[in-house]
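These notes concern the structure reproduced below.
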Amino acid sequence: MLRILITGFIFSMILLFSSCKHDVSDIDQLPEMSFSQDILPVFQTGCAISGCHDAQTSKGGKIYDSYDNIMRSVTPGNPDKSKAYTAMINILQPMPPDKPIAEEDRVKIRLWILQGANNN
């Protein structure tokens with residue numbers, strides 16, 4: 004019985020991991036995100052203007068009011084290593100805490116980072 008359970012578990016894991024692939028070429032088919040039009044407004048209203056990450060308060064030493072300041076917390080091409088993004092998607096303590104960034108905006112930011120986090 005134990006052998007059947009282990010075999011079933013292994014088979015389930017193989018199916019799970021084989022179905023969870025990330026194809027970078029799919030990114031090319033998505034619309035290009037514009038920093039000035041799509042990304043900066045999200046950071047300004049959700050992070051900087053909210054009084055947390057502006058020049059006066061700079062909570063956690065982070066200021067999200069310009070491309071250069073935002074890039075201090077972004078790893079181009081890798082949203083999972085970008086603190087600005089991972090803080091937004093943190094399930095236990097999403098940022099900002101009073102009104103988390105909308106899912107649509109988080110998707111835009113993730114895509115922008117995957118596309119290289121360009122200043123466009």
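Going by the working numbering, the sequence shown opens with residue 4, and the numbers climb by one from there. Every residue gets a Cβ at the ideal spot worked out from N, C-alpha and C, and that includes glycine.
Assigned secondary structure, residue i (DSSP; H/G/I helix, E/B strand, else coil)
| i | result |
| --- | --- |
| threonine 78 | coil |
| threonine 60 | coil |
| proline 44 | helix |
| methionine 91 | helix |
| glutamine 32 | helix |
| alanine 51 | helix |
| lysine 66 | The sequence shown places isoleucine at residue 66, not lysine. Isoleucine 66: coil per DSSP, three-state reduction. |
| isoleucine 104 | coil |
| asparagine 121 | coil |
| serine 39 | helix |
Contact belief for residue i with residue j at Cβ below 8 Å, rounded distance in angstroms
| i | j | result |
| --- | --- | --- |
| tyrosine 88 | isoleucine 52 | Actually they are not in contact, since the Cβ atoms of tyrosine 88 and isoleucine 52 sit about 19 Å apart, beyond 8 Å. |
| methionine 91 | proline 100 | Incorrect: roughly 11 Å between the Cβ atoms, too far for contact. |
| valine 45 | isoleucine 94 | About 19 Å separates the two Cβ atoms, so there is no contact after all. |
Own chain, CB closer than 7 Å to residue i, minus 5 neighbours either side, in chain order
| i | result |
| --- | --- |
| asparagine 122 | Phe38 and Tyr70 |
| histidine 56 | Cys50, Lys62, Lys65, Ile66 and Tyr67 |
| methionine 36 | Ile42, Lys111, Leu114, Trp115 and Gln118 |
| glutamine 47 | Asp68 |
Own chain, CB closer than 6 Å to residue i, minus 5 neighbours either side, in chain order
| i | result |
| --- | --- |
| glycine 74 | Inspection of the sequence shows that residue 74 is occupied by methionine rather than by glycine. Contacts found: none. |
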